[in-house]
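So the sequence shown is numbered by the working numbering: it starts at 1 and just counts up by one.
By construction, the Cβ of each residue, glycine as well, lies at the ideal position given by its N, Cα and C atoms.
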Amino acid sequence: MIKHTKTAGLIVFSFLSMTLSAQQEVQNSFYMFNSSILNPAYAGSRDALSVVVDARSQWTGWKGAPKTNSFIMHTPLMNESIGVGLNVVNDVIGPTNKTAIFGDFAYRIRLNKANDRLCFGVRAGADLIRNNLGSLAVNDATDPLVINNTNFNSNTFNTGAGVYYYGKRFFVGLTAPKVIPSKLSKDAAFAASTQVLHYYLISGYVFKLNSLWDLKPGCAIKYTQNAPLSIDANLSVLFNEKIWFGVMYRHGSAAGANIVYNFTKQLRVGYAYDYSINNMGKYSPSSHEVIIGFDFLSNQKALKSPRYF
Numbered sequence: 001m002i003k004h005t006k007t008a009g010l011i012v013f014s015f016l017s018m019t020l021s022a023q024q025e026v027q028n029s030f031y032m033f034n035s036s037i038l039n040p041a042y043a044g045s046r047d048a049l050s051v052v053v054d055a056r057s058q059w060t061g062w063k064g065a066p067k068t069n070s071f072i073m074h075t076p077l078m079n080e081s082i083g084v085g086l087n088v089v090n091d092v093i094g095p096t097n098k099t100a101i102f103g104d105f106a107y108r109i110r111l112n113k114a115n116d117r118l119c120f121g122v123r124a125g126a127d128l129i130r131n132n133l134g135s136l137a138v139n140d141a142t143d144p145l146v147i148n149n150t151n152f153n154s155n156t157f158n159t160g161a162g163v164y165y166y167g168k169r170f171f172v173g174l175t176a177p178k179v180i181p182s183k184l185s186k187d188a189a190f191a192a193s194t195q196v197l198h199y200y201l202i203s204g205y206v207f208k209l210n211s212l213w214d215l216k217p218g219c220a221i222k223y224t225q226n227a228p229l230s231i232d233a234n235l236s237v238l239f240n241e242k243i244w245f246g247v248m249y250r251h252g253s254a255a256g257a258n259i260v261y262n263f264t265k266q267l268r269v270g271y272a273y274d275y276s277i278n279n280m281g282k283y284s285p286s287s288h289e290v291i292i293g294f295d296f297l298s299n300q301k302a303l304k305s306p307r308y309f
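This is the structure we're talking about:
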């Protein structure tokens, strides 16, 4: 019975690993406003204690589709030469529930009087993975997966690194959020299922059009092992330092739009809508994401400069 259970589980888990490997790092439409979710070197870059809550529902209406909730906070320390942060991300895909808890540390080098900075960051933490294969709907009620409520779980340590260079109107970042190809399950039957490594190159620039309008083009290039190169292009406009309107295109995958409203210099709320243009669009084309950010400003200097990233 145990042998059959592992065999059935291996088939299901292998399928999930192949179809969802690109989802091992969460999909996020607000990385231009919240780079900390990918890059530990971003910690402290908002010159305040910054707290962000993000909720994403992907492929809405499709049972078992990814749902991601994240809580992120970071702050500068020691005369802003150090940044520290905490990332807690819960990602649910079908029978798999993964909670990632990571701490970030950034060393921030001030390059000039304009306060351009070159930052080097590392992160460390754990992925808590729960695979409840017994929750899968099957045609055969006598399937060992159902009878035994089979679960394949693991708690794995990982670490990541990144570089972040930014000024008032530009940024470029290179990051590998997780660099250890750890096992997704400690069970011997799942030895081939490992964390796929992801590498991101993200950049953006803000052009001042006039006294009311700013234009921000951006790009993200993602390299994933054994997968095609992924390219995101996005374009946003800012009106009166108050409200962002943006569009994005994810090559071969999705197109979308987003809006971010700065209620104050401290509080911002955003919504993003993605429309799948690949095969998933035939079944469940829509993805929705909401972000809320708050900066606990400690001095008037932080109040004077709008935050574009």
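CB-CB length for residue i against residue j, believed under 8 angstroms
i           : j           : result
residue 30  : residue 277 : About 20 angstroms; that fails the 8 angstroms criterion.
residue 106 : residue 176 : In fact, because the Cβ distance is near 15 angstroms, the residues do not count as touching under 8 angstroms.
residue 132 : residue 95  : 5 angstroms
residue 306 : residue 241 : 5 angstroms
residue 213 : residue 237 : 6 angstroms
Residue from the options with nearest C-alpha to residue i
i           : options               : result
residue 257 : 194, 33 and 275       : 275
residue 40  : 48, 203 and 120       : 120
residue 26  : 48, 54 and 42         : 54
residue 100 : 79, 126 and 108       : 126
residue 286 : 88, 245, 255 and 308  : 255
residue 202 : 217, 66, 130 and 97   : 217
residue 225 : 194, 50 and 209       : 194
residue 234 : 212, 91, 259 and 211  : 259
residue 102 : 268, 122 and 111      : 122
residue 267 : 249, 296, 91 and 65   : 296
residue 159 : 172, 87 and 205       : 87
residue 63  : 293, 283, 289 and 288 : 283
Extent of the continuous beta strand (DSSP E) run through residue i
i           : result
residue 230 : 230-239
residue 242 : It is not in any beta strand (DSSP E) - residue 242 carries neither H nor E in the DSSP assignment.
residue 50  : 49-57
residue 95  : Per DSSP, residue 95 belongs to no beta strand (DSSP E) and is neither H nor E.
residue 308 : No beta strand (DSSP E) holds residue 308; DSSP gives it neither H nor E.
residue 75  : 67-77
residue 212 : From DSSP, residue 212 is part of no beta strand (DSSP E); its letter is neither H nor E.
residue 132 : 117-132
residue 36  : It is not in any beta strand (DSSP E) - residue 36 carries neither H nor E in the DSSP assignment.
residue 175 : 170-176
residue 291 : 286-296
residue 268 : 267-276
Residue i, buried or exposed, once every other Cβ within 10 Å from all chains shown has been counted against 16
i           : result
residue 108 : buried
residue 70  : buried
residue 209 : exposed
residue 34  : buried
Residue i: CB within 7 angstroms of a non-hydrogen atom of the ligand NAP
i           : result
residue 164 : With respect to the ligand NAP, the structure offers nothing, as it holds no ligand at all.
*Determine, using beta-carbon pairs with one atom in the stretch 64-75 and one in the stretch 191-207, whether at least three such pairs fall under 8 angstroms.*
no
_At least three beta-carbon pairs within less than 8 angstroms, the stretch 216-236 to the stretch 45-63_ = no
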